[in-house]
Amino acid sequence: LAAGLVDGAPCTVCGSAEHPAPATEGDGHVDRATEEAALTAHRRAEETRARAEQALGLVRERHAAAQAEARDTDPPATVTDLPATAADASATVTGLSAIATDPSATVTDLSATATGPSADAPGPSADVMAEPARSEDDDEDEGGTKTDPGPSVDELRDAVDRLAAEHAEEHRLAAGTHAAREALDAAEREHLGRLELRQEAERRAAARTSRRE
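Numbering (full-length UniProt numbering), first residue to last: 1 to 213.
Here it is, written out as structure tokens:
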């Protein structure tokens, strides 16, 4: 109201043409521009959170697939970096959970958490790195047969990526099937409705013919 007062013009509240002490904007005054900026920031935070939740769901699915693949496979005892891989996956899930609940997080933070490897993840132990390469004869047991080293970590990771891609494709196909099913149900309902109308018209025509006879 004070901003709209004009000298000599009546006040819209009291009707006086004199304005001896109009109010001034104090500290913390919120104008329309500030409100619009806050609304824009809120919407941006909601979009960031939605993206974080989607990425979190994908990471959890891949983590579960990796755990299932690891349970179905008997890895060799010499592969010591599998715990580090599991720790990376757990840390990624934890980081994405934190981003999903933080409205101030950005898409860059989300991408870095979802795709970046953990800098603190432990690598192979010094004993394993220092272990000399064994010859093919060392891989043979007393019976003369070679031991199966099992799948490598790269193979396990490839399996996880393949399962994630297959899951995404199945999800896409399922979505398309659902839409097609809904369209088919709608067409069937329309067909039944038209069939009922035609049968009703035939019954009415037969009744009129019977009355004329």
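Just so you know, even glycine gets a beta-carbon here, dropped at the ideal spot from N, CA and C.
As the structure is a prediction and not an experimental result, all values here were calculated from the model.
Cβ shell of residue i (< 6 Å), same chain only, five flanking positions each side left out
i	result
residue 257	Past the boundaries of the shown model lies residue 257; the chain is included only from 1 to 213, so the question cannot be answered.
Ala66	Val160
Simplified DSSP state of residue i, which is helix, strand or coil
i	result
Glu18	coil
Arg203	helix
His29	coil
Thr12	coil
residue 281	Residue 281 lies beyond the range of the chain shown here (1 to 213); nothing can be said about it.
Asp161	helix
Thr177	helix
Leu1	coil
Thr24	coil
Glu213	coil
Asp7	coil
Ala114	Any reading at Ala114 must be qualified, since the residue scores a pLDDT of 47, below 50, and its modelled position is unreliable; no value is offered.
Residues near residue i by beta carbon distance below 7 Å, same chain, minus five either side
i	result
Arg62	Val160, Ala164
Assumed close pair residue i, residue j - CB separation to whole angstroms, cut-off 8 Å
i	j	result
Pro10	Ala17	5 Å
Leu156	Ala64	That belief does not hold up - the Cβ atoms of Leu156 and Ala64 are roughly 14 Å apart, past 8 Å.
Asp7	His19	7 Å
Cβ contact check for the stretch 11 to 26 and the stretch 41 to 50: 3 or more pairs under 8 Å: no
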